[in-house]
Structure formats: C-alpha cells, structure tokens
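Here the sequence shown is numbered in this note's numbering, starting from 73 and rising by one per residue. Worksheet for the structure shown next.
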Amino acid sequence: MARPVIVTGFEPFGGEKSNASWEAVRLLPDEVEGHPIHKIKLPVVFGASGDIVESAIRELEPAAVLSVGEAGGRTCVTPERVAVNRMVARIPDNDGAQPQGDPVVEGGPDAYLSTLPLDDAVSAMSAAGVPSKVSDTAGLYVCNQVMYRVLHAVRSCGLKIPAGFAHVPYTPIQTVRKPERASLSSELSSAGLYSILITSLA
C-alpha cells in the first residue's frame with residue numbers, strides 16, 4: 073500500500089464554534105492518488121499540537137504533509153512560504169498559554185521554507201476555480217508553530233517529501249455577525265487543499 077498523506081486541521085478557538093480548517097479537511101476524500109489520507113484534528117495549543125503531528129510523522133513516514141489553519145482576515149486559500157522559530161500569542165491558546173517570543177524549538181534554525189510546490193499549487197487551485205495566492209507569513213501563533221514543527225520533524229527524520237502549511241478563510245457561517253469579513257465555502261477550501269495534494273504528489 074502507498075504511504076499515507078498526513079493532513080491536519082484545528083479545533084475551534086477564540087470563541088468560535090467551528091474552525092474553517094477542520095471543516096475543509098474533513099471534506100477531503102479518504103485517499104489521493106492512491107495514498108490514504110490520514111486526517112488529524114489538532115488542539116489550538118502550543119507544544120501539544122506540534123507534538124501530535126511530529127509523532128504522526130515519525131510513526132507513519134508519510135508521502136506528504138499538509139497542515140491547515142484558519143485565517144479569518146484572508147480572502148483566499150494561501151499556502152505558506154515560511155515558518156519561523158518564534159511564538160508570539162496575541163490571545164491565549166486553548167490551554168491559556170500566551171508565549172511572547174519563545175522559540176518553537178530551542179536551538180533550531182531561525183526558519184524553515186515550505187517544501188510544497190507553492191506556485192504550481194496556486195496555479196492548480198486557480199484552474200479549479202479556487203481563489204488562492206502564496207502567503208509569506210504564517211503569523212506567530214499556533215499555526216506557525218505547527219508548520220515549523222512539521223518541517224523540523226521531516227528534516228530530522230530524513231524524509232525528502234513535500235510538506236508545509238496552508239491557511240483558509242472563514243466559512244460563511246462564521247461571518248454572519250462579521251459581515252465585513254471575507255469567507256469561502258468549506259467545499260471550495262477543501263477543493264483547494266485537494267489541488268495542493270495532487271500537485272505535491274505529481
């Protein structure tokens with residue numbers, strides 16, 4: 073059997089009842105290009121979220137890793153270019169932690185670049201009718217921490233695989249009381265994620 077593909081999303085945080093990332097991830101099919109998709113819902117918690125995905129990478133030795141987060145201010149699906157070795161929390165995580173400049177990995181590199189085919193993924197999403205563009209910042213919250221931990225684990229395990237992170241906008245239901253915020257349906261966001269996976273496994 074082909075090696076699995078790991079795709080992660082997040083639980084709700086910041087008072088929301090849902091998280092657009094998990095809503096998109098859960099709509100993905102069970103396999104892509106013959107590879108089983110191993111879906112993981114991560115807690116919005118510094119440390120624990122990274123531990124979970126790193127453990128899965130070491131156990132499964134996947135063919136690819138795509139972690140996904142919610143970015144309420146964005147208008148399209150945005151694969152991220154870089155993760156930095158720094159954690160700064162504007163609001164506490166779901167366990168109450170609020171780091172202010174701590175490293176993600178003590179002694180780790182300052183940054184990791186995504187190994188996803190970013191430009192090709194954006195082209196594939198656009199061809200599929202999904203609004204998308206490459207982003208140069210994953211922020212400094214839990215999303216950046218997970219992206220950094222993913223890329224650190226992949227390198228530590230010696231895996232030569234496509235791995236990285238993408239943000240998706242709010243879902244329409246999340247903007248009912250925030251009409252000034254952009255939204256994208258879970259179906260379109262999920263189609264975008266699928267395009268990223270197809271492109272990464274080509």
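Backbone N, C-alpha and C define an ideal beta-carbon position, used for all residues, glycine too. Small disclaimer: the values here were computed from a predicted structure and weren't measured.
Close beta carbons around residue i, own chain, < 7 Å, minus the five adjacent residues each side
{"i": "aspartate 192", "result": "Thr271"}
{"i": "alanine 136", "result": "Val77, Ile233, Pro234, Ala235, Leu269, Ser272, Leu273"}
{"i": "serine 139", "result": "Thr80, Val125, Val218, Met219, Val222, Phe237"}
Span separating the alpha-carbon of residue i from that of residue j
{"i": "methionine 197", "j": "valine 206", "result": "11 Å"}
{"i": "glycine 230", "j": "arginine 130", "result": "10 Å"}
{"i": "glycine 145", "j": "threonine 243", "result": "11 Å"}
{"i": "serine 127", "j": "threonine 247", "result": "34 Å"}
{"i": "valine 154", "j": "serine 262", "result": "22 Å"}
{"i": "asparagine 216", "j": "serine 204", "result": "19 Å"}
{"i": "leucine 273", "j": "methionine 159", "result": "30 Å"}
{"i": "phenylalanine 85", "j": "aspartate 165", "result": "8 Å"}
{"i": "serine 267", "j": "leucine 190", "result": "11 Å"}
{"i": "tyrosine 213", "j": "proline 171", "result": "9 Å"}
{"i": "arginine 162", "j": "valine 176", "result": "16 Å"}
{"i": "cysteine 148", "j": "glutamate 83", "result": "20 Å"}
{"i": "alanine 254", "j": "isoleucine 245", "result": "11 Å"}
{"i": "leucine 185", "j": "arginine 227", "result": "11 Å"}
{"i": "glycine 122", "j": "lysine 113", "result": "12 Å"}
{"i": "lysine 250", "j": "glycine 87", "result": "13 Å"}
{"i": "aspartate 199", "j": "threonine 150", "result": "In the sequence as displayed, the identity of residue 199 is alanine instead of aspartate. Near 15 Å, if we compare the C-alpha coordinates of threonine 150 and alanine 199."}
Residue i - partner residues in DSSP beta bridges
{"i": "leucine 188", "result": "BP columns for leucine 188 are empty, so no partner."}
{"i": "serine 139", "result": "Thr80, Phe237"}
{"i": "glutamate 103", "result": "Pro108"}
{"i": "serine 207", "result": "Glu152"}
{"i": "alanine 183", "result": "Val156"}
{"i": "lysine 113", "result": "Gly81"}
{"i": "aspartate 174", "result": "Met159"}
Proximity below 9 Å, CB of residue i to CB of residue j
{"i": "aspartate 174", "j": "proline 115", "result": "no"}
{"i": "alanine 183", "j": "asparagine 157", "result": "yes"}
{"i": "valine 222", "j": "glycine 211", "result": "no"}
{"i": "valine 79", "j": "leucine 256", "result": "no"}
{"i": "valine 125", "j": "alanine 225", "result": "yes"}
{"i": "glycine 201", "j": "leucine 260", "result": "yes"}
{"i": "threonine 187", "j": "glutamate 152", "result": "no"}
{"i": "proline 101", "j": "alanine 74", "result": "no"}
{"i": "serine 195", "j": "alanine 96", "result": "no"}
{"i": "arginine 98", "j": "lysine 89", "result": "no"}
{"i": "valine 104", "j": "alanine 169", "result": "no"}
Sequence-distant residues of its chain with Cβ nearer than 6 Å to residue i (five each side left out)
{"i": "alanine 43", "result": "With the chain covering 73 to 274 only, the question about residue 43 has no answer from this structure."}
{"i": "glycine 106", "result": "Ala74"}
Residue burial classification, residue i (beta-carbon count within 10 angstroms, cutoff 16)
{"i": "proline 181", "result": "exposed"}
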